[in-house]
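Structure representation (structure tokens):
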């Protein structure tokens, strides 16, 4: 199933509603391709996916209400719902809401952490607070998520104000894709930062989804 | 807000030039602001009047439109950059001419956080409002704040954070101030995108400031209260 990045950014993704799915994974649109790839690789036919618009990455204050609304919407259709968000800038509010809704979520502060693996990221990130991270999705959608919202398309002179304290761009790659590596290098150049390539694969996303226990 | 026609700033009267400067600030036109500041100074304006009537008033308008969702961060940054150009000329002159001082503030982004756009805006607006501000920069451990407070003559501590992972560090600083018995000597203001009033209260700050304009008004209110208490 090919999913369109612009659609994932603006609208998210509807659940397919296939017959064998018992658990709905409710995810950030920025993770759609990775989660669908994991479904395919692992033949997780018991899982279905729906995504909220990836642009909530820029407006984390919208995530909690949107998750609640979607859980209420899908609760009668699926026997179980799993939230494929980490804290993601909600300051603990998403975790509280998930407890209230009695649904599980991914552990960790954000996708950069769980894609690298929360334990590893907790160790490495202490020494790289001046790193700016991009995932596969954010490399593909660099203009939509970085350049345009920050006004850098109209005012490139603001780059120094936004990124002057950063010392590198870390591209956390989920897939091995030469075209994306080249694009990441272009992104780094635009921001005036050196690029560090780091293949993460799916990190804790894979193990977390594999560990979803179907409740009776 | 910019006109299509070229405007010769030096040909404008004072009454025309000041509103034009508000427009130029709004449009982030740094060169024009620098030129206009020099024109007003050449006309005998006091640096403090140039600052308050032209620059601060212009930024106040920018702040209102930012709050109301008419302007966005990039435009505010351009306006701030223009004001910075004007401030660079005025700052040494303000020190020489003994402009009124409302109070002293130390400000910094907390440990683990390198984001300083909001902090820099607050610093500039506080300076524009008549506060002396010591900027500790980014990624400050608690020791930086405490050392500066202990060795300086400050009224206000400002802390900034952009990340949900770093904002709890503000409590570490406040708790350390309590341990050292110095918390009540200062007004503690906190700010940053993921914060809110509830968080500010929970960590024991005096106030959460939504934006730079609110920070200035809040600081003024606390300074007024302090003076009233001292004179009572």
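Chains as they are written, first to last, in the numbering used here: chain L, 92 to 307; chain R, 266 to 497. Each residue gets a CB set at the ideal place from its N, CA and C atoms; glycine is no exception.
Item to complete: Can you give me, in chain order, the residues of the stretch 382-415 of chain R that have a beta carbon less than 7 Å from any beta carbon in chain L?
Response: Within the stretch 382-415 of chain R, the qualifying residues are 382, 403 and 404.
Discussion item. Taking beta-carbon pairs under 8 Å, can you tell me which members of the stretch 325-347 of chain R lie near chain L?
Written reply: For the stretch 325-347 of chain R, which is checked against every Cβ of chain L, the residues closer than 8 Å are 337, 338, 339, 340, 342, 343 and 346.
Discussion item. Beta-carbon within less than 7 Å of residue 343 of chain R's beta-carbon, same chain only, minus the 5 sequence neighbours each way: which residues are those?
Written reply: Excluding positions up to five away in sequence, the list reads 293.
Discussion item. Check whether the stretch 213-228 of chain L and the stretch 263-278 of chain L touch, using three or more Cβ-Cβ pairs below 8 Å as the test.
Written reply: Enough Cβ pairs lie closer than 8 Å, so yes.
Discussion item. Against chain R, which members of the stretch 198-227 of chain L pass a CB distance test of less than 7 Å?
Written reply: Flagged, chain order: 200, 220 and 221.
Practice prompt. Measure the C-alpha to C-alpha separation of residue 291 of chain L and residue 94 of chain L and round it to an integer number of angstroms.
Written response: Those two C-alpha atoms are separated by around 22 Å.
Worksheet item: Roughly how many angstroms lie between the CA atoms of residue 354 of chain R and residue 456 of chain R, to the nearest whole one?
Response: Answer to the nearest angstrom: the Cα atoms are 28 Å apart.
Worksheet item: Residues in its own chain within less than 8 Å of residue 189 of chain L by CB, not counting five upstream and five downstream?
Response: The residues are 158, 174, 195 and 196.
Practice prompt. Starting from residue 422 of chain R, follow its DSSP beta bridges and name the residues at the other end.
Written response: Answer by DSSP bridge pairing, in chain order: R/371 and R/453.
Practice prompt. For residue 433 of chain R, decide whether its Cβ has a neighbour in chain L, counting only Cβ atoms nearer than 7 Å.
Written response: For residue 433 of chain R, the answer is no, since every Cβ of chain L falls outside 7 Å of its Cβ.
Worksheet item: Roughly how many angstroms lie between the CA atoms of residue 297 of chain R and residue 315 of chain R, to the nearest whole one?
Response: The straight-line gap separating the alpha-carbon atoms of residue 297 of chain R and residue 315 of chain R is approximately 14 Å.
Practice prompt. Could you tell me the distance, in whole angstroms, from the CA atom of residue 162 of chain L to the CA atom of residue 209 of chain L?
Written response: Approximately 25 Å, taken between the alpha carbons.
Worksheet entry | Extent of the continuous beta strand (DSSP E) to which residue 224 of chain L belongs | That run of the beta strand (DSSP E) goes 222-225.
Discussion item. Could you give the first and the last residue of the continuous alpha helix (DSSP H) run that contains residue 489 of chain R?
Written reply: Where residue 489 of chain R is concerned, the enclosing alpha helix (DSSP H) stretches over 477-496.
Worksheet entry | Under 7 Å between C-beta atoms of residue 151 of chain L and residue 102 of chain L | Contact: no.
Worksheet item: Between which two residues does the beta strand (DSSP E) carrying residue 156 of chain L extend?
Response: Segment 154-165 is the alpha helix (DSSP H) holding residue 156 of chain L; no beta strand (DSSP E) there.
Discussion item. Tell me the rounded alpha-carbon separation between residue 299 of chain R and residue 274 of chain R.
Written reply: Roughly 11 Å separates the two Cα atoms.
Worksheet entry | Closest Cα partner of residue 96 of chain L within the set L/124, L/115 and L/109 | Nearest to residue 96 of chain L by C-alpha distance, out of L/124, L/115 and L/109, is L/124.
Worksheet item: Leaving out five residues before and five after residue 250 of chain L in sequence, what residues of the same chain have Cβ atoms less than 8 Å from its Cβ?
Response: So the list reads 243, 281, 282 and 283, once near-sequence residues are dropped.
Worksheet item: So is residue 379 of chain R in contact with chain L if we call contact Cβ pairs under 7 Å?
Response: Chain L, which has a Cβ nearer than 7 Å to the Cβ of residue 379 of chain R, makes this yes.
Worksheet item: Of all Cβ atoms in chain L, is any one closer than 7 Å to the Cβ of residue 374 of chain R?
Response: Answer no: the Cβ-Cβ gap between residue 374 of chain R and chain L never drops below 7 Å.
Item to complete: List the residues of chain R whose Cβ lies closer than 7 Å to the Cβ of residue 252 of chain L, in chain order.
Response: Simply 342 and 382.
Practice prompt. Return the first residue and the last residue of the beta strand (DSSP E) that residue 290 of chain L is part of.
Written response: Segment 286-290, the beta strand (DSSP E) holding residue 290 of chain L.
Practice prompt. Give the interface partners of residue 137 of chain L over in chain R, defined as CB-CB distance under 9 Å, in chain order.
Written response: In chain order: nothing, as chain R lies at least about 33 Å away.
Worksheet entry | Within chain R, the residues that residue 246 of chain L reaches when beta carbons sit closer than 9 Å | The answer, in chain order, is 293, 339, 340, 342 and 343.
Practice prompt. With DSSP collapsed to three states, give me the class of residue 441 of chain R.
Written response: Residue 441 of chain R falls in the helix class under three-state DSSP.
Fill in: residue 340 of chain R versus residue 104 of chain L: straight-line alpha-carbon distance, rounded
Taking the CA atoms as reference points, residue 340 of chain R sits about 33 Å from residue 104 of chain L.
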